[in-house]
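In the working numbering, the protein residues as written are 15 to 228.
The beta-carbon is built from N, C-alpha and C at its ideal position, and this holds for glycine as well.
Have a look at the structure below, then the notes.
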Ligand code: ADP
Ligand code: AMP
């Protein structure tokens, strides 16, 4: 079986985080989400967070050199030796090339395909637990008690960049800056297309695991 060095590719709201969390649990490897790391930095008002905040709030990408550095550091940790799931990185060809130059390897790139109108529906209804990070959707994956996390009862939050005007910009940014990675990884024979727009999360997960175990 191949090494579990994976990357989630796809538009915002495709279900990258949802699938990355499930894969991380199944294979006991870390989910490395640049979005989560940047949001934590923003909330803690660190130097990185202050640098990133304006880009994130507008739905634009944080400068390449900032993001490459934090991923490189994170992957040095012991828990990432056996494998990792990159979620939200790389997001530009410059980031992907920098990764290659630094010797950061990939064995699977999951290209989760979801149409634009579904992206808007998913992001508008996304809710997150600030304590444990569990992802919900008000319609597709609701909590048993409205607005409260099923696992720990914390009040759920809506991300600042899941507002309608920012969502549309994020989709444009994805098409312009990130979509070129589809060809980049197809050329390297790493890309696996996964239809993610019409199946529930468990079904998408089953398809991914089937590919890994093939
Ligand atoms: P991404 O990490 O790609 O931005 P998320 O994993 O955060 O996407 O998912 C976005 C929203 O869509 C969340 O509210 C999540 O619960 C929901 N979601 C994820 N996968 C599916 C799916 N296959 N069907 C319906 N809703 C989904
Ligand atoms: P995400 O949680 O992946 O949707 O990312 C949220 C926001 O964080 C993005 O809209 C960007 O502003 C920023 N971000 C996350 N990952 C990257 C990356 N690899 N490169 C640049 N900006 C990023």
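{"Asked": "Using the Cα positions of residue 171 and residue 139, report the straight-line distance between them to the nearest angstrom.", "Found": "11 angstroms"}
{"Asked": "Does the Cβ of residue 211 have 16 or more other Cβ atoms within 10 Å, making it buried, or fewer, making it exposed?", "Found": "buried"}
{"Asked": "Could you check the C-alpha separation between residue 60 and residue 27 for me, to the nearest Å?", "Found": "27 angstroms"}
{"Asked": "Along the chain, where does the alpha helix (DSSP H) that runs through residue 138 open and close?", "Found": "130-138"}
{"Asked": "Which of the three DSSP states is assigned to residue 193 in this structure?", "Found": "coil"}
{"Asked": "Determine the closest residue to residue 167 out of 175, 147, 52, with distance taken between C-alpha atoms.", "Found": "147"}
{"Asked": "Does the beta-carbon of residue 9 have 16 or more other beta-carbons within 10 angstroms, so that it is buried, or is it exposed?", "Found": "No statement about residue 9 is possible, as the shown extent of the chain runs from 15 to 228 and does not include it."}
{"Asked": "When the Cα atoms are used, what is the spatial distance from residue 97 to residue 53?", "Found": "23 angstroms"}
{"Asked": "With a CB to CB cut of under 6 angstroms and the five nearest residues on each side skipped, what residues in its chain are close to residue 183?", "Found": "73"}
{"Asked": "Ignoring anything shorter than 3 residues, give me the beta strand (DSSP E) runs that lie fully in the segment 61-123, in order along the chain.", "Found": "97-101"}
{"Asked": "If contacts are defined as beta-carbon pairs under 8 angstroms, then residue 100 and residue 21 qualify, I think. What distance do you get, rounded to the angstrom?", "Found": "4 angstroms"}
{"Asked": "Using CA atoms only, rank isn't needed, just tell me which of 77, 198, 216, 18 is closest to residue 95.", "Found": "18"}
{"Asked": "To the nearest angstrom, report how far apart residue 164 and residue 34 are at their CA atoms.", "Found": "20 angstroms"}
{"Asked": "Start and end of the alpha helix (DSSP H) containing residue 56?", "Found": "48-57"}
{"Asked": "Checking the sheet assignment: what are the DSSP bridge partners for residue 208?", "Found": "126"}
{"Asked": "Distance check for residue 15 and residue 68, CA to CA, integer angstroms please.", "Found": "42 angstroms"}
{"Asked": "Under the rule that 16 or more other beta-carbon atoms within 10 Å means buried, what is residue 136, buried or exposed?", "Found": "buried"}
{"Asked": "Nearest by alpha-carbon distance to residue 174: which of 196, 86, 141, 119 is it?", "Found": "141"}
{"Asked": "Let me check you understand the geometry: is the CB of residue 167 closer than 7 angstroms to at least one non-hydrogen atom of the ligand AMP?", "Found": "no"}
{"Asked": "Have a look at 66, 85, 88, 198 and flag the residue whose alpha-carbon is nearest the alpha-carbon of residue 125.", "Found": "198"}
{"Asked": "Pick helix, strand or coil for residue 141, following the three-state DSSP scheme.", "Found": "strand"}
{"Asked": "Touch check for the segment 180-195 and the segment 105-120: three-plus C-beta pairs under 8 angstroms?", "Found": "yes"}
{"Asked": "Please report the straight-line C-alpha distance between residue 83 and residue 214, rounded to a whole angstrom.", "Found": "35 angstroms"}
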